[in-house]
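Chemist:
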Amino acid sequence: MTAALELTDITVTYPDGGRRLTALDDISLQVQPGETVAVVGPSGSGKSSLLAVAGLLLTPDSGRIEIAGEDVTHVSRAAASQVRLTRLGLVFQQSNFIASLTAREQLEMVARLRGDKGGSVRRRADELLDAVGLADAAGRRPHQLSGGQRQRVGIARALMNDPTLLLVDEPTSALDHERGQDIIRLITRVTLEREIGTVVVTHDHGVLDHVKRLLTLEDGHLSPAYAGGHGG
Amino acid sequence: MFLALRDLRFAKGRFALMGAVIVLISLLVVMLTGLTAGLGRQSTSAITSLPGDHVAMSTAPAGQDLSYTSSHVSDGALKTAARQHGVSDAAMLHIAQAGVQVGDHDVAATLFGADPASFVAPTGLRAGSVVISDDLAKDQGLSTGDHVAISGMKFTVGAIRGDSSFSHLPVVWVPGADWGRLAGNGADSSVLVLQTGSGFSASAFDRAVGVQSMATDDSLSAIGSYSAEHGSLTMMQAMLMGISALVIGAFFTVWTIGRTPDLAVLKAMGARTWYLVRDALGEALILLLAGGAVGTALAAGLGTLVGDSIPFVVDLSTTVVPLVLLVLIGMVGAAAAIRRISTVDPITALGAAR
Chain A
1 MTAALELTDI TVTYPDGGRR LTALDDISLQ VQPGETVAVV GPSGSGKSSL LAVAGLLLTP
61 DSGRIEIAGE DVTHVSRAAA SQVRLTRLGL VFQQSNFIAS LTAREQLEMV ARLRGDKGGS
121 VRRRADELLD AVGLADAAGR RPHQLSGGQR QRVGIARALM NDPTLLLVDE PTSALDHERG
181 QDIIRLITRV TLEREIGTVV VTHDHGVLDH VKRLLTLEDG HLSPAYAGGH GG
Chain B
233 MFLALRDLRF AKGRFALMGA VIVLISLLVV MLTGLTAGLG RQSTSAITSL PGDHVAMSTA
293 PAGQDLSYTS SHVSDGALKT AARQHGVSDA AMLHIAQAGV QVGDHDVAAT LFGADPASFV
353 APTGLRAGSV VISDDLAKDQ GLSTGDHVAI SGMKFTVGAI RGDSSFSHLP VVWVPGADWG
413 RLAGNGADSS VLVLQTGSGF SASAFDRAVG VQSMATDDSL SAIGSYSAEH GSLTMMQAML
473 MGISALVIGA FFTVWTIGRT PDLAVLKAMG ARTWYLVRDA LGEALILLLA GGAVGTALAA
533 GLGTLVGDSI PFVVDLSTTV VPLVLLVLIG MVGAAAAIRR ISTVDPITAL GAAR
């Protein structure tokens, strides 16, 4: 089976005063379709860099990125946009929504970026909102949604382009424990159902009972924490 | 323009404010354009409606510009002019300002003197009669057959012809034979009006006759009142256009900075810069067209209302043309501001980087 994401020997450094700070130190990671991988670490551990590299938002100093078997390490900016548009789903922290759009339109926007519109786009948006339990909220704008609902809209939006790889940034940071658990359950469920490879980056250890594969990221080093749990 | 339309609706207040500014600017620009055209017509219509295609004036003294009111051309020059290659007809036109006595009061007018037999003379001009403009006839309640007096000489109104004024004064055509007695005090001037055909060379003509000739339309700047007004009014219009570009640019700069997080998210989702730029330009175009159309309609309406008392022209060239210019220049301002979309880095959409 082709891995949804394969990172090989990735190193990322940032300039920091006169020297360079290592955010990711020669890390490798493989995510299979249907698999949810949680990456836990304190803030500043390089989680965001990991997500940025996998999302083709940041070019690593060295290493190789493959998405669905395709080497995309050195693609142009335009090609990276195209990969994000067609293969990646990004779930942003908290409420990264466009204030003027309703929940349904947030989803339609993704299709518009590819030049798709019309009834089928609308139907797909409604199906996805239904799948995340928000069929009733399709006409609401971001400020009319609760934190948990916003996170669900964010997940539905990331699924709009039928992605190979789902990258999730701190999905529980604005939620209480119970709602956080719900969101993680939702993510692992859609990952399994749609055979997506999913990377969840979080500093929240409490919600990770549902994830089979947990990695910790500390000082740029990625290591397995434990395998188990009972979820997807 | 999926996003543009929704943003316009969502941020109604902000866009309405900006739209109001565009309404006012376009109102001003179109009013000024109508007024410029109206004033220009008042200064030049007698010249632009002359049947000739070229005008020749005496060469201006060093350091002075050519001027209708300081040109003096001799009868000899007229004879020479008529013989030149490419000249099918030439006529002398005398110009002076005088008071025309209508009933018991004087009306300021520009006198045009011409031989009734020459091609420049309006139909109806005969010895002992004058031809007056529509405006003068309407203002003074004159009709054909009425009497007026100029410098104590009596004339019959022989014809009323067209909208014709020079230097903001209505034109009264006087037969050339009477000219010497009317304006013999040296305050008059004279130019040659030419009808030219193929083979006419302005430089050869000027050398042979000892004058300076030019196309009728190019001679308008030699009308003192016209060149002064036209210059300052045109400058005001240009400044207003510049202001609108700056205001639009400033608005869209602030607007674009405000939506940087949205733009970062859209780019992270795979939006091309060009898609976002196109969307934002569409937004600016809608704003400019809507505001500009309202302002232009208001100005045209006002202009039509005051058209009787103020010189004001409402036609395509004074409404649609300035509107199109305003929209184009506004789009330049918007484009300069919207350019910054390309500098938004999608990585800022991720949590820790924000």
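First to last, the protein sequences are chains A and B. Here the first sequence is numbered in this note's numbering, starting from 1 and rising by one per residue. Here the second sequence is numbered in this note's numbering, starting from 233 and rising by one per residue. Think of the CB as a built atom: it goes at the ideal place given N, C-alpha and C, for glycine as much as any other residue.
Let me confirm a value: Pro60/A is counted as buried when at least 16 other C-beta atoms fall within 10 Å, else exposed. Which label applies?
Modeler: buried
Chemist: Closer than 8 Å is the cut-off here; do at least three beta carbon pairs connect the stretch 438-449 of chain B with the stretch 304-317 of chain B?
Modeler: yes
Chemist: For Leu512/B, return the contacting residues in chain A, with the cut-off set at a CB-CB distance below 7 Å.
Modeler: The residue asked about is misnamed: residue 512/B is Ala in this sequence, not Leu. Close to Ala512/B, with beta-carbon spacing below 7 Å, lies no residue of chain A; the smallest spacing is near 13 Å.
Chemist: How is His221/A classed by DSSP in three states: helix, strand or coil?
Modeler: Under the three-state reduction of DSSP output, His221/A falls in the strand class.
Chemist: Quick check on Val112/A - is its C-beta less than 9 Å from some C-beta in chain B?
Modeler: It is Arg, not Val, that sits at residue 112/A in the sequence shown. Chain B contact via Cβ: present.
Chemist: Which residues bound the alpha helix (DSSP H) around Glu193/A?
Modeler: His177 to Glu193
Chemist: Can you give, in chain order, each stretch of the alpha helix (DSSP H) that sits fully within the stretch 474-509 of chain B and has at least 4 residues?
Modeler: 492-500
Chemist: Less than 9 Å separating the beta-carbons of Val190/A and Val39/A?
Modeler: no
Chemist: Alpha carbon to alpha carbon, how far is Met324/B from Val352/B?
Modeler: Whole-angstrom Cα-Cα distance: 8 Å.
Chemist: I'd like to know if the stretch 373-385 of chain B and the stretch 254-270 of chain B are in contact, where contact means that at least 3 CB-CB pairs between them fall below 8 Å.
Modeler: No: the two stretches stay apart, fewer than three of their Cβ pairs being nearer than 8 Å.
Chemist: Is it a yes or a no for the stretch 445-465 of chain B touching the stretch 419-437 of chain B, going by three-plus beta-carbon pairs under 8 Å?
Modeler: Taking 8 Å as the limit for Cβ pairs, the verdict is that the stretch 419-437 of chain B does touch the stretch 445-465 of chain B.
Chemist: Near Gly431/B, what residues of its chain come up, given a Cβ to Cβ distance below 8 Å and the 5 sequence neighbours on each side ignored?
Modeler: His317 and Gly318
Chemist: If you drop the 5 nearest sequence neighbours on each side, which residues of the same chain put their C-beta closer than 6 Å to that of Leu21/A?
Modeler: Excluding sequence neighbours, Leu21/A sits near Tyr14.
Chemist: Once DSSP output is grouped into helix, strand and coil, what is the label at Asp9/A?
Modeler: strand
Chemist: Keeping to the same chain, check which residues put their C-beta closer than 7 Å to that of Val202/B; ignore five residues upstream and five downstream.
Modeler: Examination of residue 202/B is not possible in this model, given that chain B is present from 233 through 586 alone.
Chemist: Under 8 Å Cβ to Cβ from Val75/A, same chain only, skipping five residues before and after it: list those, please.
Modeler: Leu56 and Val83
Chemist: Is any beta-carbon of chain B found at less than 9 Å from that of Thr172/A?
Modeler: Thr172/A does not count as touching chain B.
Chemist: Could you give the distance in angstroms between the alpha-carbon of Ile570/B and the alpha-carbon of Arg114/A?
Modeler: 21 Å
Chemist: Rounded to the nearest angstrom, what separates Ile480/B and Asp239/B at their Cα positions?
Modeler: Roughly 17 Å between the two C-alpha positions.
Chemist: Per DSSP, Gln444/B is paired with what?
Modeler: Met289/B
Chemist: Using DSSP with H/G/I as helix, E/B as strand and the rest coil, what is Ile518/B?
Modeler: helix
Chemist: Could you name the residues of chain A that Thr509/B contacts, counting a contact when the two beta carbons are closer than 8 Å?
Modeler: The amino acid occupying residue 509/B in the given sequence is Val; Thr does not appear at that position. In chain order: nothing, as chain A lies at least about 13 Å away.
Chemist: Does the distance from the C-beta atom of Leu310/B to that of Gln444/B stay below 9 Å?
Modeler: no
Chemist: Distance cutoff 9 Å, beta carbons only. Does Met501/B sit that close to anything in chain A?
Modeler: yes
Chemist: Report the residue ranges of all beta strand (DSSP E) runs contained in full by the stretch 98-150 of chain A; include only those spanning at least 3 residues, in chain order.
Modeler: Look at the stretch 98-150 of chain A and you find no whole run of beta strand (DSSP E) that is 3 residues long or longer.
Chemist: Please work out which residues of its chain come closer than 7 Å, Cβ to Cβ, to Val363/B, disregarding the five sequence neighbours upstream and downstream, and give them in chain order.
Modeler: Pro354, Gly356, Leu357, Gly390, Ala391, Arg393 and Trp405
Chemist: Between which two residues does the beta strand (DSSP E) harbouring Pro402/B extend?
Modeler: Leu401 to Pro407
Chemist: Are the C-beta of His221/A and some C-beta of chain B separated by less than 9 Å?
Modeler: no
Chemist: Is the CB of Ala78/A under 9 Å away from at least one CB in chain B?
Modeler: yes
Chemist: Comparing alpha-carbon positions, which option in His326/B, Ile579/B and Ile518/B lies nearest Ala346/B?
Modeler: His326/B
Chemist: Measure how close the beta-carbons of Thr536/B and Val552/B come, nearest whole angstrom, since I'm counting them as under 8 Å.
Modeler: No, Thr536/B and Val552/B are not in contact; Cβ-Cβ is about 15 Å, not under 8 Å.
Chemist: If contact means a Cβ-Cβ distance below 7 Å, which residues of the stretch 159-188 of chain A contact chain B?
Modeler: Asp169 and Glu170
Chemist: DSSP beta-bridge partners for Asp338/B?
Modeler: DSSP lists Gln333/B as the bridge partner or partners of Asp338/B.
Chemist: Tell me, please, whether the CB atom of Leu235/B is closer than 9 Å to any CB atom in chain A?
Modeler: yes
Chemist: Measuring CA to CA, which of Gly133/A, Ser49/A, Glu108/A and Gly44/A is closest to Arg185/A?
Modeler: Gly133/A
Chemist: Quick check on the burial criterion: 16 or more other C-beta atoms within 10 angstroms. Buried or exposed for Leu414/B?
Modeler: Buried is the call here.
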